[in-house]
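This report concerns only the one structure given below.
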Amino acid sequence: MCCAGAVWCLGDSHTSLTSTEPSFAGFYYICFQQSKASIEGYYYHKLSEWYQSIELEHVPEKAVSVYQFH
């Protein structure tokens with residue numbers, strides 16, 4: 001199994017945002033698993049829901065891709 005991970009913090013910018021703007025403060029944990037073609041991500045911020053997660057998986061298409069250049 002091959003897994004690459006990363007952890008980073010974008011600073012505490014939540015104080016300068018309005019309630020309608022997203023907050024990018026907090027810690028992000030991600031793991032890319034090449035064998036499963038998936039990415040798992042976790043987000044933590046003390047003033048938000050403590051643990052939020054997302055999982056992305058590759059879904060192969062059974063159609064021909066079409067590109068148009070202008």
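In this text, residue positions in the sequence shown follow the numbering used here: the first is 1, and each later residue adds one. Note that beta-carbon positions come from the ideal geometry of N, C-alpha and C, so glycine has one too.
Which of helix, strand or coil DSSP assigns to residue i
i	result
serine 55	Residue identity check: residue 55 is glutamate in the sequence provided, not serine. Here glutamate 55 sits in strand by DSSP.
glutamine 33	strand
glycine 26	coil
tyrosine 67	coil
serine 48	coil
glutamate 61	coil
Beta-carbon proximity check, residue i vs residue j, cutoff 8 Å
i	j	result
serine 35	tyrosine 42	no
phenylalanine 27	tyrosine 44	yes
glutamate 61	serine 38	no
Backbone CA spacing between residue i and residue j [nearest angstrom]
i	j	result
glutamate 57	alanine 63	18 Å
glutamate 40	valine 59	15 Å
tyrosine 67	serine 48	41 Å
phenylalanine 69	cysteine 31	34 Å
tyrosine 29	lysine 46	15 Å
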